[in-house]
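See below for the structure under consideration.
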Amino acid sequence: MTVEAHKETLEFKAEVSQVLDLVIRSLYSNKEIFLRELVSNASDAAEKLRFEALSDDGLYEGDSALRIRVTVDRDAGTVTISDNGIGLSRNEVVETIGSIASSGTRRFIESLSGDQAKDSTLIGQFGVGFYSAYIVADKVTLVSRRAGLGAEHGVRWESDGRGSYTLETVEKAGRGTDVTLHLKEDEKEFLDSWRLRSIIGKFSDHLAIPVEMAKELYGEEAEQKKDEPPEFEQVNRGTALWMRNKSDITEEEYNDFYKHVSHDFQPPLAYAHNRVEGTNEYTALLYVPSKAPWDLFDRDQKHGVKLYVRRVFIMDEADKLMPHYLRFVKGIVDSDDLPLNVSREILQHNRKIDTIRQANTKRVLGLLETLAKDEPEKYATFWDEFGKVLKEGPAEDFANKERLAGLLRFSTTHSEGSEQRESLDAYIERMKEGQDKIYYITADSPAAARHSPHLEVFRKKGVEVLLLSDRVDEWLVSHLHEYKGKSLQSVAKGDLDLGELADKEEQEAKEKAATEHKPLLDRLKSALGGQVEDVRPSTRLVDSPACLVVGADDMSANLARVLKAVGQSAPETKPILEVNLDHLLVRRLESESDEGRFNDLASILFDQAQLAEGGQLDDPAAFVGRLNKLMLNMMMAGG
Numbered sequence: 001m002t003v004e005a006h007k008e009t010l011e012f013k014a015e016v017s018q019v020l021d022l023v024i025r026s027l028y029s030n031k032e033i034f035l036r037e038l039v040s041n042a043s044d045a046a047e048k049l050r051f052e053a054l055s056d057d058g059l060y061e062g063d064s065a066l067r068i069r070v071t072v073d074r075d076a077g078t079v080t081i082s083d084n085g086i087g088l089s090r091n092e093v094v095e096t097i098g099s100i101a102s103s104g105t106r107r108f109i110e111s112l113s114g115d116q117a118k119d120s121t122l123i124g125q126f127g128v129g130f131y132s133a134y135i136v137a138d139k140v141t142l143v144s145r146r147a148g149l150g151a152e153h154g155v156r157w158e159s160d161g162r163g164s165y166t167l168e169t170v171e172k173a174g175r176g177t178d179v180t181l182h183l184k185e186d187e188k189e190f191l192d193s194w195r196l197r198s199i200i201g202k203f204s205d206h207l208a209i210p211v212e213m214a215k216e217l218y219g220e221e222a223e224q225k226k227d228e229p230p231e232f233e234q235v236n237r238g239t240a241l242w243m244r245n246k247s248d249i250t251e252e253e254y255n256d257f258y259k260h261v262s263h264d265f266q267p268p269l270a271y272a273h274n275r276v277e278g279t280n281e282y283t284a285l286l287y288v289p290s291k292a293p294w295d296l297f298d299r300d301q302k303h304g305v306k307l308y309v310r311r312v313f314i315m316d317e318a319d320k321l322m323p324h325y326l327r328f329v330k331g332i333v334d335s336d337d338l339p340l341n342v343s344r345e346i347l348q349h350n351r352k353i354d355t356i357r358q359a360n361t362k363r364v365l366g367l368l369e370t371l372a373k374d375e376p377e378k379y380a381t382f383w384d385e386f387g388k389v390l391k392e393g394p395a396e397d398f399a400n401k402e403r404l405a406g407l408l409r410f411s412t413t414h415s416e417g418s419e420q421r422e423s424l425d426a427y428i429e430r431m432k433e434g435q436d437k438i439y440y441i442t443a444d445s446p447a448a449a450r451h452s453p454h455l456e457v458f459r460k461k462g463v464e465v466l467l468l469s470d471r472v473d474e475w476l477v478s479h480l481h482e483y484k485g486k487s488l489q490s491v492a493k494g495d496l497d498l499g500e501l502a503d504k505e506e507q508e509a510k511e512k513a514a515t516e517h518k519p520l521l522d523r524l525k526s527a528l529g530g531q532v533e534d535v536r537p538s539t540r541l542v543d544s545p546a547c548l549v550v551g552a553d554d555m556s557a558n559l560a561r562v563l564k565a566v567g568q569s570a571p572e573t574k575p576i577l578e579v580n581l582d583h584l585l586v587r588r589l590e591s592e593s594d595e596g597r598f599n600d601l602a603s604i605l606f607d608q609a610q611l612a613e614g615g616q617l618d619d620p621a622a623f624v625g626r627l628n629k630l631m632l633n634m635m636m637a638g639g
């Protein structure tokens with residue numbers, strides 16, 4: 001049948017051109033990467049065909065021997081990577097090559113820093129491995145046909161990577177994809193088949209799909225067979241790496257396999273490889289990356305490990321195999337017991353999957369505990385990249401709450417002025433004699449937490465306080481109420497309970513002062529109208545005149561701000577104004593006889609307390625007006 005060619009020239013999206021340029025510039029120092037990425041893509045295509053053929057054997061088209069072939073044409077100056085995998089339809093070519101994951105491209109571009117070394121680590125995670133071909137090629141031709149479609153549905157894509165590509169319908173007898181690289185003049189070293197074999201051995205030995213190259217012939221044998229079709233031989237080991245004995249696998253092989261499953265260009269931070277036997281038999285090879293992916297907090301992005309059943313690839317991003325707070329973990333799980341036709345819906349209600357997820361969770365937490373104990377510098381790297389995600393754990397995973405709490409790290413008043421993060425265990429070791437609580441403060445920035453007036457009495461007494469300023473921290477402390485028998489206590493909620501740390505004489509003096517200064521407290525409450533629940537003397541303050549606190553069971557002011565910032569409603573609760581009766585401003589206020597001036601000063605005191613904890617004023621102009629009026633009065637009195 002003759003195919004009526006349907007050829008068109010299309011423009012790359014602007015973001016695609018940016019990514020292309022970045023790929024070529026950032027990865028040029030590691031040119032070999034192109035072959036790893038293209039062979040890896042071919043392997044994925046073969047595995048996807050194997051999976052789809054479970055329900056439609058006809059997709060094999062009579063050829064179930066899956067393979068990848070790398071061929072060289074020295075005269076044409078080309079290298080071709082071919083597979084007989086699932087292939088691509090015309091629409092799929094446009095979607096996967098012409099637009100590069102369009103839903104996330106703009107966010108990816110925005111995440112780039114301009115530092116080539118840093119940006120290159122993001123490229124693989126974004127999944128643009130195909131474009132690594134342009135590191136060594138000045139033109140790339142792709143010919144593909146999706147399995148199950150007729151030969152007349154082949155598609156040919158070609159581009160020099162400079163802004164546009166051509167697309168045309170062609171005939172293609174066999175299913176799968178051929179990617180032909182027209183090498184640049186100064187990249188002809190890759191026409192050497194032994195060079196290509198060494199790269200495949202280095203990067204792709206672990207692939208379960210055979211990678212083949214033409215057998216090298218020499219002398220008389222080469223002359224005799226020069227007109228015959230080439231004889232292909234397998235050049236990779238072709239055994240699933242995770243099925244080999246751990247003692248037979250080198251560190252480099254583990255790292256290369258990680259790069260294959262994650263498309264990362266950096267080695268992992270740590271990994272765990274286990275074979276489980278018994279009522280539920282499976283193998284798990286799990287990696288902790290050294291760098292967070294750019295879309296870690298993208299709620300629409302799927303994350304998870306690859307699922308195999310008896311060495312047959314089933315699905316990418318099987319998120320039911322790992323809890324959501326460990327979504328950064330990469331790797332594979334290969335089950336001997338699950339059905340080959342397993343779906344995401346079946347995974348959701350499968351006891352074997354629940355057992356695997358629980359075991360995977362414990363294994364990763366154990367890996368992190370070992371890292372924290374034996375390699376604290378590596379764990380510090382992990383925390384900087386993934387700490388905010390791990391903080392989601394105590395709310396999601398009640399069974400492992402205590403273990404997770406032990407892995408958490410915080411800035412504290414003990415480590416002020418440094419980037420050091422402290423564990424809860426280290427905090428407990430430093431607790432004052434008589435201290436029975438772990439104190440913390442939440443704020444919307446590190447500076448707001450560090451300089452909060454709520455910390456004044458704790459600094460005076462030398463009591464350490466956790467400084468929490470990540471958005472997730474409010475979620476964390478609402479679910480993590482204690483650790484190793486020590487309750488967590490906000491320094492900005494309810495009555496200040498210092499337990500045995502409290503100075504009884506000081507407390508008695510405050511209570512006496514509350515009685516003596518009751519007229520001032522009542523007057524302040526009246527002046528502030530409905531803005532406060534109450535006005536009371538403070539045991540928290542040393543240097544500041546006032547601060548705001550909420551009831552022990554009320555939502556913190558910071559959480560209310562976080563919810564409003566993301567468009568959610570927060571319950572309207574009135575704060576309590578605490579005043580430092582020893583402060584000169586408060587004493588001056590008590591002696592103020594002019595009611596109007598008293599009301600202005602009371603409002604300024606309240607607004608300052610709001611600002612000190614990172615809040616926003618309802619009426620900033622009124623605050624400025626009162627402040628200006630006060631300063632003018634002072635200047636006139638001084639003049």
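Note that full-length UniProt numbering has the sequence shown beginning at 1, numbered continuously upward. Note that the Cβ used here is the ideal one computed from N, Cα and C, for glycine as well.
So, for residue i: in the same chain, excluding its five sequence neighbours on each side, which residues have a beta-carbon less than 6 Å away from its beta-carbon?
i: S102; result: The predicted position of S102 is uncertain, since its pLDDT is 44 and thus under 50; a value taken from the coordinates is nonetheless stated next. Nothing meets the Cβ criterion.
i: K7; result: E168
i: T413; result: E464, V465
i: S411; result: L467
i: Y60; result: A53
i: A208; result: A240
i: residue 643; result: There is simply no residue 643 to check, as the chain begins at 1 and stops at 639 in what is shown.
i: R237; result: D205
i: S43; result: L207, I209
Can you name, in chain order, every residue of its own chain whose Cβ lies under 8 Å from the Cβ of residue i, other than the five neighbours on each side?
i: I199; result: E32, L35, R36
i: Q608; result: P545, A546
i: R195; result: E189
i: S415; result: R421, E422
How would you write the range of the beta strand (DSSP E) that residue i sits in, first residue to last?
i: P537; result: 534-537
i: Q234; result: 232-234
i: N274; result: 270-276
i: residue 641; result: Not covered by the structure: residue 641. The range shown for the chain is 1 to 639.
i: E223; result: Counting along the chain, E223 falls outside any beta strand (DSSP E), though it belongs to the alpha helix (DSSP H) covering 219-224.
i: Y308; result: 305-309
i: L10; result: 7-11
i: L142; result: 137-145
i: A76; result: Looking at the DSSP string, A76 is not in any beta strand (DSSP E), and its letter there is neither H nor E.
i: G154; result: 154-159
i: D316; result: 312-318
Is the beta carbon of residue i less than 9 Å from the beta carbon of residue j?
i: Y282; j: P268; result: no
i: V472; j: K388; result: yes
i: G494; j: V550; result: yes
i: L577; j: R536; result: yes
i: H263; j: G129; result: yes
i: L286; j: H273; result: yes
i: A527; j: F598; result: yes
i: I81; j: R67; result: no
i: K215; j: F232; result: yes
i: L321; j: R357; result: yes
Which two residues bound the contiguous alpha helix (DSSP H) that contains residue i?
i: L49; result: 33-52
i: V261; result: 251-262
i: D522; result: 518-527
i: R90; result: 90-93
Excluding the 5 residues preceding and the 5 following residue i in the sequence, name in chain order all residues of the same chain whose CB lies nearer than 7 Å to its CB.
i: M1; result: Caution applies to M1, whose pLDDT of 42 falls short of 50 and renders its modelled position unreliable; the model cannot decide the point.
Exercise. Does the count of Cβ pairs from the segment 315-335 and the segment 387-407 closer than 8 Å reach three?
Worked result: yes
Exercise. At which residue ranges does the segment 411-496 contain complete beta strand (DSSP E) runs of 3 or more residues, listed in the order of the chain?
Worked result: 437-442, 465-468, 486-490
For this session: Decide if the segment 538-546 is in contact with the segment 451-468; the criterion is three or more beta carbon pairs, one per stretch, under 8 Å apart.
Result: Taking a contact to require three or more Cβ pairs closer than 8 Å, the segment 538-546 and the segment 451-468 qualify as touching.
Exercise. Any contact of the segment 337-354 with the segment 367-384, i.e. 3+ C-beta pairs under 8 Å?
Worked result: no
Exercise. Quick one: complete alpha helix (DSSP H) runs, 4+ long, within the segment 335-409?
Worked result: 344-348, 351-374, 376-390, 393-396, 401-407
For this session: Say whether the segment 474-481 touches the segment 503-520, bearing in mind that this needs 3 or more beta-carbon pairs closer than 8 Å, one atom from each stretch.
Result: no
For this session: Ignoring anything shorter than 3 residues or poking outside the segment 161-209, list the beta strand (DSSP E) runs there in chain order.
Result: 164-170, 176-183
Exercise. Looking at C-beta atoms only, is the number of pairs between the segment 390-399 and the segment 295-309 that lie closer than 8 Å three or more?
Worked result: no
Exercise. Is there contact between the segment 137-147 and the segment 156-164, where contact requires at least three CB pairs shorter than 8 Å?
Worked result: They touch, by the three-pair rule.
For this session: Ignoring anything shorter than 3 residues or poking outside the segment 546-628, list the beta strand (DSSP E) runs there in chain order.
Result: 546-549, 576-579
Problem set entry | Validate contact between the segment 167-184 and the segment 224-232 using beta carbons, cut 8 Å, 3 pairs | For the pair of segments examined, the segment 167-184 was found not to touch the segment 224-232: the number of CB pairs separated by less than 8 Å stays below three.
Problem set entry | Cβ pair count under 8 Å reaching 3, the segment 619-632 against the segment 597-606 | yes
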